[in-house]
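Enquirer:
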Amino acid sequence: MAKELKERTEIKKKLKKKNDRISFDFSDKLAGQLRRCTADLNRLARIDRIIDKKQTLYSVDTNREAGYIEVVRNY
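The structure is reproduced here in structure tokens:
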């Protein structure tokens, strides 16, 4: 089994309610990893019926100029 990202465990632990946010320093590699991670977490939330089919529980906001990546819980 593949090793889980420490950012993924941090997302699951800290983002408990609507509009919770976590910021990370920007890097292209981390941005891609976080997008894949949130896509997987959204898929699992749909399976568990936490959200509807067209909703997203977690989203990634990137700001290259300011140098940060934010993961936001939407519901």
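Residue 38 in our numbering sits at position 34 of the sequence shown, and the numbers go up by one each step.
No residue lacks a Cβ here, since even glycine has one placed at the ideal position from N, Cα and C.
1) If you check the beta carbons only, do Phe28 and Gly71 fall under 8 angstroms apart?
2) What would DSSP say about Arg68, mapped onto helix, strand or coil?
3) Give me, in chain order, the residues of the same chain whose beta-carbon lies closer than 6 angstroms to that of Leu19; leave out the 5 immediate sequence neighbours on both sides.
4) Consult DSSP for Glu74 and reduce its assignment to one of helix, strand or coil.
5) Between Leu61 and Ala49, how many whole angstroms is the CB-CB distance? I'm expecting something under 8 angstroms.
6) I'd like the list of long-range same chain contacts for Leu45, defined as Cβ closer than 8 angstroms, with 5 residues on each side in sequence excluded.
7) Roughly how many angstroms separate the alpha carbons of Lys7 and Glu69, rounded to a whole number?
Expert: The structure says:
1) Indexing the sequence shown from 1 puts residue 28 at position 24. Indexing the sequence shown from 1 puts residue 71 at position 67. Cβ distance not < 8 angstroms, so Phe28 and Gly71 don't count as in contact.
2) Here the question's residue 68 lines up with position 64 in the sequence shown. The answer is coil: DSSP assigns Arg68 none of H, G, I, E or B.
3) The residue you call residue 19 lines up with position 15 of the sequence shown. So the qualifying residues of the chain are Arg77.
4) Position 70 of the sequence shown, counted from the first residue, corresponds to residue 74. The answer is strand: DSSP assigns Glu74 an E or B state.
5) Here residue 61 corresponds to residue number 57 of the sequence shown, with the count starting at 1. Here residue 49 corresponds to residue number 45 of the sequence shown, with the count starting at 1. That pair is a contact at about 4 angstroms.
6) On the sequence shown, residue 45 is found 41 positions in, with the first residue counted as 1. These residues qualify, in order along the chain: Arg12, Ile15, Lys16, Leu61, Tyr62.
7) What you label residue 7 is simply residue 3 of the sequence shown in a count that begins at 1. What you label residue 69 is simply residue 65 of the sequence shown in a count that begins at 1. Distance between the alpha carbons of Lys7 and Glu69 is about 31 angstroms.
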